[in-house]
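**Student:** Protein chains in written order, with my numbering: chain F, 191 to 484; chain C, 550 to 941.
Positions of the beta carbon are idealized from the N, C-alpha and C atoms, including for glycine.
Quick caveat, the model's predicted, so the values are computed rather than measured.
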Amino acid sequence: MRYFINVTLSGLTEGMIYAAFALALVLIWRSTRIVNFAQGSMAAATTFIALALIQAGQSYWVALIVALISGFVLGAVVERVVIRPVEGGPELNAVIVALGLFVAIQAAIAIIFGSSFQSFPTPFGLEGFQVGDSRIALTPTSLYVIGAVLVVMALLVALFRFTRVGLAMRASAFGQEVARLLGVKVGRMLTLGWALAAVVGSLAGLLIAGGEFVYPAYMDSLIVFGFVAAILGGLDSPVGAIVGGLILGLALSYVSGYIERGSALVNVAALVILMVVLLVRPGGIFASSTARRA
Amino acid sequence: MSDLQSSAPAAGKADRAGKASEDAPTTATAAANAPSAPASGGRTFLPRSTLLRHLLLVALGAVAAVVLLEITDPFTNSQLATLSYYAIAAGGLTVLTGMNGQISLGHGALMAVGAYTTALFLSADEPLPLPLILLASMVVATAVGALVGVAAARLHGPYLAGATLALAVGLPGLAIYFNEWLGGDQGLRVRAPRAPEWFESFISTVSGNPATNTKWLAYVGAICLLLTYFLLANLVRSRIGRTWRAVRDQDVAAELAGINLGAWRVLAFVVSAAAAGLAGGVLALVVRLAAPSGFTLVLSLSLLTAIVIGGLGSLLGALLGSALLVFLPPFVTDLGAGWGLDNTEAAQLAPFVYGVVLILAMIFAPAGVVGTLRMRWLSSRAKRSAASSSRG
């Protein structure tokens, strides 16, 4: 029973990170109908910027803020420079551009920061809390992870619900032409959407790096997990992305916790879950639009 | 159908754009639509029959391969062997992506299936003959490809990309899980079969070069490459290829004409999976190792780079793109070393260039090298014929 609770707790923590990453994908999908496969590399880039600052003696929090700001800039630049020309074109072209970015940024990280494994610090402890006479798998770091993701989600909800910019962003995602006629600067809103998504993605990258080793390709499986989580939620719904992330986090945690040498199977499990969802309920669990068709 | 489901204009625009139901066929694939140069008439030295023309090209290719392999040094021989397996896989992928409009980031995983199959069969005490082993690799990869294809047939664009991405990241994990059988992280060493005697006598009559094992494997690769391209080229020019193009460009019209979209999409996936399986088999022979580290996501993305640069849907483009994959890395690595980068950094320059080239190609020349040249040629010919008809 205690083992079950521990596996569940670590699944929920991981799930929060997948949820944040899935949310970043959903933000971009809603506004530009592009799945940003470069999200992982972009997040890895900002994580390495943070790591460089920390190694130069800055505090974790300064590094975190600089990394999030550089994520914002990176997202905006990427949208303006390379995504804008393929927006609204054939969907295959946008996918290929995103993949090109994915490879190019990852290689650039390796060239600039080196491709060795480097440990990334965490501001809080990695020891589990004491409950009764045993330690549970809930650590101060996992509380920090959950809290950080919740704060970011609350900020995003507030932005979209209560501000004029949020309204304009929703309008340009929902109906570009109408929004443009009503005076919304749609192009600027799309750039802002990419920038915000890159901030959320960067946060996910920084959180999953905490207390672990980072290397240029460390986000490769996270991009898959984020995509699976987003698909679970239907790719169109932010709430779905969060719930999808939590479900996926739990499922993968049970796979690696209850199957012998199951950690080797985590990626395969994600693949199986994705295939089952796409075949049984292609619209996702929280489909807000009609089922997609080829 | 796709017109009905789009609610928001923005959504509809993006949803339909890939299928070009309202515009002309998409630029990325328009080049593949152009009839092959000889078939469209005009002055030509090639026979009019497709089969004869392709046979002639294969014969020319065989002569070129022998000449190329005999005048170059052993290192270039092994580079050409590498080129052959990249080109086989890229040929299959270009049929899938260029002809049928389905993207796959999972072909690296399908190559892994072929490579492990070859490695397992060769580890037997009395291994089967090599052609049978390569055939078995194709069959196993085809079976896996059929499974993936059934799922893939219902997806498009980013969904398909994501699903096959999960395949590329997930499948090598199986090799680690079944480590007694598939060798875990270390992978399986491959005992490449020795060159047969007729090959040695063939080489000594042709050039007198030593008939090394490297050379034998390069020949195996070249033979597989020529066979694959011959079969694929015929397939593309047949009723099957035309149906694939119909499914790609006008899915609603194709369905109304009685074409079962799903079945044809699965078929395209199966054909390209077979090519990937063969490529994996050749890879196992050439590299002499089948290990998870050989089938990373970068491999799948390199194949995609090859077909995009060469021009989607063109086998010649796939071959040129694969040549770039083989000969570009040493070139840029030297360049990087010249700039003062160390070895591991310089090794990353090649993927960096791939990524940048993918982006630039999609923005400035979506039809790729072969496609752009072909469109230039066709439009200039159209201008010429318009000019001559207006005069006459």
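Can you list the residues of chain F that C/Tyr901 reaches, using a CB-CB cut of under 8 Å?
**Tutor:** Taking the second sequence and counting its residues from 1, the one referred to as residue 901 of chain C is at position 352. It is Phe, not Tyr, that sits at residue 901 of chain C in the sequence shown. What C/Phe901 touches in chain F: Val293, Ala294, Ala297, Ala298, Ile301.
**Student:** At a CB-CB cut-off below 7 Å, which residues of chain C make contact with F/Val414?
**Tutor:** Taking the first sequence and counting its residues from 1, the one referred to as residue 414 of chain F is at position 224. Those within 7 Å of F/Val414 in chain C are Leu714, Ala715, Val718.
**Student:** Buried or exposed: C/Val689, going by 16 or more other Cβ atoms within 10 Å of its Cβ?
**Tutor:** The residue you call residue 689 of chain C lines up with position 140 of the second sequence. By the neighbour-count rule (16 or more Cβ atoms within 10 Å), C/Val689 is buried.
**Student:** Spell out whether any CB of chain F is found under 8 Å from the CB atom of C/Glu729.
**Tutor:** Within the second sequence, the letter at position 180 stands for residue 729 of chain C. Judged by the 8 Å Cβ criterion, C/Glu729 is not in contact with chain F.
**Student:** Using a Cβ-Cβ distance cut-off of 8 Å, determine whether C/Met924 contacts chain F.
**Tutor:** If you number the second sequence from 1, residue 924 of chain C lands on position 375. Not closer than 8 Å to any Cβ of chain F, the Cβ of C/Met924 fails to qualify, so no.
**Student:** How big is the Cα-Cα spacing for C/Leu868 and F/Ser249?
**Tutor:** Within the second sequence, the letter at position 319 stands for residue 868 of chain C. Within the first sequence, the letter at position 59 stands for residue 249 of chain F. Straight-line Cα distance between these residues: approximately 51 Å.
**Student:** For chain F, is any of its Cβ atoms less than 8 Å away from the one on C/Glu804?
**Tutor:** Walking along the second sequence from the start, residue 804 of chain C turns up at place 255. Judged by the 8 Å Cβ criterion, C/Glu804 is not in contact with chain F.
**Student:** Whose CA, out of F/Glu269, F/Ser200, F/Ala240, lies closest to the CA of F/Ala253?
**Tutor:** Residue mapping note: residue 253 of chain F aligns to position 63 of the first sequence, counting from 1. With distances taken between Cα atoms, F/Ala253 lies closest to F/Ala240.
**Student:** Is the number of C-beta pairs between the stretch 646 to 654 of chain C and the stretch 794 to 802 of chain C that are closer than 8 Å three or more?
**Tutor:** Yes, they touch.
**Student:** Run down chain C in chain order and give the residues with a C-beta less than 9 Å from the C-beta of F/Ile421.
**Tutor:** By one-based count along the first sequence, residue 421 of chain F stands at place 231. Ordered by position in chain C, the residues that pass the 9 Å Cβ test against F/Ile421 are Tyr708, Gly711, Ala712.
**Student:** Can you have a look at F/Gln320 and say buried or exposed, based on whether 16 or more other CB atoms are within 10 angstroms of its CB?
**Tutor:** Against the first sequence, residue 320 of chain F aligns to sequence position 130. With fewer than 16 other Cβ atoms within 10 Å, it is exposed.
**Student:** Just reading off the alpha helix (DSSP H) that F/Phe364 is part of, what are its end residues?
**Tutor:** Translated into the one-based positions of the first sequence, residue 364 of chain F becomes position 174. Element bounds for F/Phe364: 354 to 364.
**Student:** Looking at the C-beta of C/Val815, does it have a partner C-beta in chain F at a distance below 8 Å?
**Tutor:** Position 266 of the second sequence holds residue 815 of chain C. By this cut-off, C/Val815 is not an interface position.
**Student:** So, with DSSP's three-state summary, where would you put F/Leu241?
**Tutor:** If you number the first sequence from 1, residue 241 of chain F lands on position 51. Note: F/Leu241 maps to helix in three-state DSSP.
**Student:** Can you give me the Cβ contacts of F/Ala420 inside the same chain, cut-off strictly under 7 Å, excluding the 5 residues immediately before and after it?
**Tutor:** By one-based count along the first sequence, residue 420 of chain F stands at place 230. The answer, listed in chain order, is Ala212, Leu215, Val216, Ala431, Gly434.
**Student:** Go ahead and label C/Pro680 buried or exposed: buried means 16 or more other beta carbons lie within 10 angstroms of its beta carbon, across all protein chains shown.
**Tutor:** Walking along the second sequence from the start, residue 680 of chain C turns up at place 131. With fewer than 16 Cβ atoms within 10 Å of its Cβ, C/Pro680 is classed as exposed.
**Student:** Taking the beta carbon of C/Lys764 as the centre, do at least 16 other beta carbons fall within 10 Å, making it buried, or is it exposed?
**Tutor:** Locating residue 764 of chain C in the second sequence gives position 215, counting from the first residue. Result: buried.
**Student:** Starting from the beta carbon of F/Val276, find every residue of chain C whose beta carbon is closer than 8 Å, and list them in chain order.
**Tutor:** The residue labelled residue 276 of chain F in the question sits at position 86 within the first sequence. Under the 8 Å cutoff, chain C gives Met911, Ile912.
**Student:** In chain B, which residues lie less than 8 Å from C/Val905 when you measure between Cβ atoms?
**Tutor:** Protein chains F and C are contained in the structure displayed, whereas chain B is not.
**Student:** Distance check for C/Ser928 and F/Ala344, CA to CA, integer angstroms please.
**Tutor:** As a working mapping, residue 344 of chain F is identified with position 154 in the first sequence. As a working mapping, residue 928 of chain C is identified with position 379 in the second sequence. So the two alpha carbons sit approximately 56 Å from each other.
**Student:** With H, G and I counted as helix, E and B as strand and the rest as coil, what does DSSP make of F/Phe486?
**Tutor:** A question about residue 486 of chain F goes unanswered here, because the residues of chain F that appear run from 191 up to 484.
**Student:** Output yes if chain C places a C-beta closer than 8 Å to the C-beta of F/Ile437; else output no.
**Tutor:** In the first sequence, counting from the first residue as 1, residue 437 of chain F sits at position 247. No, its Cβ sits nowhere closer than 8 Å to a Cβ of chain C.
**Student:** Taking Cβ positions, are F/Pro406 and F/Ala234 nearer each other than 8 Å?
**Tutor:** For the purposes of this step, residue 406 of chain F is taken as residue 216 along the first sequence, with counting starting at 1. For the purposes of this step, residue 234 of chain F is taken as residue 44 along the first sequence, with counting starting at 1. Yes, the pair counts as a contact, with Cβ atoms nearer than the cut-off.
**Student:** Is C/Asn738 helix, strand or coil by DSSP?
**Tutor:** The residue labelled residue 738 of chain C in the question sits at position 189 within the second sequence. Residue 738 of chain C is actually Arg in this sequence, not Asn. Here C/Arg738 sits in strand by DSSP.
**Student:** For the alpha helix (DSSP H) containing C/Asn758, name the first residue and the last one.
**Tutor:** By one-based count along the second sequence, residue 758 of chain C stands at place 209. Looking at the DSSP string, C/Asn758 is not in any alpha helix (DSSP H), and its letter there is neither H nor E.
**Student:** Please report the distance separating the alpha-carbon of C/Leu882 from that of C/Met687.
**Tutor:** Here the question's residue 882 of chain C lines up with position 333 in the second sequence. Here the question's residue 687 of chain C lines up with position 138 in the second sequence. In the sequence as displayed, the identity of residue 882 of chain C is Thr instead of Leu. Each residue's Cα considered, the two are about 34 Å apart.
**Student:** Return no unless some Cβ of chain C is closer than 8 Å to the Cβ of F/Ala394.
**Tutor:** Mapped onto the first sequence, residue 394 of chain F falls at position 204. Output row for F/Ala394: interface = no.
**Student:** Quickly, what does DSSP pair F/Gln248 with across the bridge? List them, please.
**Tutor:** To locate residue 248 of chain F, count along the first sequence from 1; it is residue 58. Note: F/Gln248 sits in no beta bridge, so no partner.
**Student:** Among C/Met924, C/Gly610, C/Ala715, which residue has its Cα nearest to the Cα of C/Leu654?
**Tutor:** By 1-based counting over the second sequence, the position of residue 654 of chain C is 105. That would be C/Ala715, whose Cα lies nearest to the Cα of C/Leu654.
**Student:** Please return the same chain residues whose Cβ sits closer than 8 Å to the Cβ of C/Ala700, not counting the five positions on each side in sequence.
**Tutor:** Numbered from 1 along the second sequence, position 151 holds the residue referred to as residue 700 of chain C. Excluding positions up to five away in sequence, the list reads Ala712.
**Student:** For F/Val321, does the three-state DSSP call read helix, strand or coil?
**Tutor:** Looking up residue 321 of chain F in the first sequence gives position 131. Correct three-state label for F/Val321: strand.
**Student:** Any contact between the stretch 266 to 277 of chain F and the stretch 330 to 342 of chain F? By contact I mean 3 or more CB pairs, one from each, below 8 Å.
**Tutor:** Contact fails: fewer than three Cβ-Cβ distances are below 8 Å.
**Student:** Using a Cβ-Cβ distance cut-off of 8 Å, determine whether F/Ser411 contacts chain C.
**Tutor:** By 1-based counting over the first sequence, the position of residue 411 of chain F is 221. So, interface residue.
**Student:** Using 8 Å as the threshold, is the C-beta distance between F/Gly201 and F/Gly395 below it?
**Tutor:** Residue numbering aside, residue 201 of chain F sits at position 11 when the first sequence is read from its first letter. Residue numbering aside, residue 395 of chain F sits at position 205 when the first sequence is read from its first letter. No, Cβ-Cβ distance for F/Gly201 and F/Gly395 is not below 8 Å.
**Student:** Quick check on C/Trp926: buried or exposed, where buried means 16 or more other Cβ atoms within 10 Å of its Cβ?
**Tutor:** By one-based count along the second sequence, residue 926 of chain C stands at place 377. C/Trp926 is exposed by the Cβ-count criterion.
**Student:** Return the first residue and the last residue of the alpha helix (DSSP H) that F/Val158 is part of.
**Tutor:** The requested residue 158 of chain F does not occur in the structure, where chain F is confined to residues 191 to 484.
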